[in-house]
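Taken in order, these protein sequences are the chains called Z and A.
Note that my numbering has the first sequence beginning at 535, numbered continuously upward.
Note that my numbering has the second sequence beginning at 535, numbered continuously upward.
Worksheet for the structure shown next.
There are 2 protein chains.
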Amino acid sequence: MASEAGYAVIRMGDVVREEAARRGIQPTDEEIGGMAHSERETHGSEIWAVRTLERVSADQIVIDGVRSLDEIDYFQKTFGEALAIVAVHASPGTRLTRITERGRKDDILSEEEFHRRDRRELKWGLGEVIALADYVIVNEGGLKEFHKEARRVLRQVFG
Amino acid sequence: MASEAGYAVIRMGDVVREEAARRGIQPTDEEIGGMAHSERETHGSEIWAVRTLERVSADQIVIDGVRSLDEIDYFQKTFGEALAIVAVHASPGTRLTRITERGRKDDILSEEEFHRRDRRELKWGLGEVIALADYVIVNEGGLKEFHKEARRVLRQVFG
């Protein structure tokens, strides 16, 4: 939606995956996650925010994949009051149904594992980012409804 | 809204405040917060959930004021699949405006202090509860809009 509306988009996950590729790391969730983790331990919890901003030149930009308030604090140093946090929320039940229906082979399998992964990913502080979001899009309905909401929020953020 | 709809309501904050009163603790945010904190340290992070459930006898109940996934895990032991997490979200900007307009004397004063308190309160894990909520009510509009949403969610939760 952001690209279509003409905004630059950068995905923090892509920054991580490209770094993994550069190092010849296996492109599995576990290997990439391990590398992302050890980089945070070595260089500080905002390291992926730092590497993301190194690639940013546009004036109006959407950054996807923030995981912690440390990253937010780092972005705020650059963007100040202009920074807006947008959270997209769907309930665990809805997300589990969607993942199961999508059936991608790297998607997790059991319900138990799904909940374990959720808890693990929250460890970085994603919940705190959601709690302090400036905009929350509740994504419980269909794609059409989500697109409408996303367009509305993008208009509000970029004015 | 829940009381009006006929559901039992228990507020975890009331459980904390009554315990504070019983002990003759000054009813300030800081003193009560300090007591709540030291009780968690002494008896475990789910202690206020334990004391809340001791007072519950109704079948269909709304528990207000959950602060962490440890409390959720404790409630889940009792309610199992029937437990639903409902988060009410408003952006920091909206909350700050509302607090300023309300102007209660125990409300915090400066914007800086507001943001510090937000971060402090998230330390218990409230953000993780919001992230894993089954329902999120976005509370950015007026009271009327909020009431309508609350009624809708209550109907969905209790069927």
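We put the CB at the ideal spot given by N, CA and C, even for glycine.
The model shown is predicted, which means the values in this text are computed figures rather than measured ones.
Counterpart residues of A/Ala542 in DSSP-defined beta bridges = Beta-bridge pairing links A/Ala542 to A/Ile595.
ask   = At a Cβ threshold of 8 Å, is Z/Asp662 touching chain A?
value = Note that residue 662 of chain Z is Glu in the sequence shown here, rather than Asp. True, the Cβ-Cβ gap to chain A drops below 8 Å.
ask   = For A/Ser572, does the count of other Cβ atoms within 10 angstroms reach 16, so buried, or fall short, so exposed?
value = It is exposed - the Cβ of A/Ser572 has fewer than 16 other Cβ atoms within 10 Å.
inquiry  = Residues of chain A with CB closer than 8 Å to the CB of Z/Pro626, please, in chain order.
reply    = Here the neighbours are Leu666 and Asp668.
Contacting positions in the region 648–659 of chain Z - beta carbon closer than 8 Å to chain A = Flagged, chain order: Asp652, Arg653, Leu656 and Gly659.
ask   = Thinking C-alpha only, which one of A/Gly693, A/Ala618, A/His577 and A/Gly614 is nearest A/Ile597?
value = Answer by Cα proximity: A/Ala618.
Coil, strand or helix - A/Ile559 by DSSP = In the structure shown, A/Ile559 sits in coil (DSSP, three-state: anything other than H, G, I, E or B).
task = Determine the closest residue to Z/Met546 out of Z/Ala665, Z/Gly693 and Z/Ala583, with distance taken between C-alpha atoms.
result = Of Z/Ala665, Z/Gly693 and Z/Ala583, the residue nearest in Cα terms is Z/Ala583.
query = Going by DSSP, what residues sit across from A/Tyr669 in a beta bridge?
reply = DSSP lists A/Val620 as partners of A/Tyr669.
query = How about Z/Ser602 and Z/Ser579: do their beta carbons lie closer than 8 Å?
reply = Pairing Z/Ser602 with Z/Ser579 gives a Cβ-Cβ distance under 8 Å.
message = Just to confirm, is the Cβ distance from A/Ile606 to Z/Gly661 under 8 Å?
response = When the beta-carbon positions are compared, A/Ile606 and Z/Gly661 stay at least 8 Å from each other.
task = From the DSSP output, in three-state form, read off A/Arg636 for me.
result = Here A/Arg636 sits in helix by DSSP.
message = Taking a contact to mean a Cβ-Cβ separation below 8 Å, would you say Z/Tyr541 touches Z/Phe692 in this structure?
response = Yes, these two residues count as a Cβ contact at 8 Å.
query = Whose CA, out of Z/Leu688, Z/Ile544 and Z/Glu674, lies closest to the CA of Z/Arg589?
reply = Closest by alpha carbon: Z/Ile544.
query = Would you say Z/Val691 reaches chain A, if we count a Cβ-Cβ gap shorter than 8 Å as a contact?
reply = By the rule that beta-carbons nearer than 8 Å mark a contact, Z/Val691 does not touch chain A.
request  = Note down, in chain order, every chain D residue with its Cβ under 7 Å from the Cβ of Z/His623.
outcome  = In the structure shown, chain D does not exist; the protein chains are Z and A.
Distance between Z/Glu538 and A/Glu538 (C-alpha atoms, nearest Å) = Looking at the two C-alpha atoms, the distance is approximately 45 Å.
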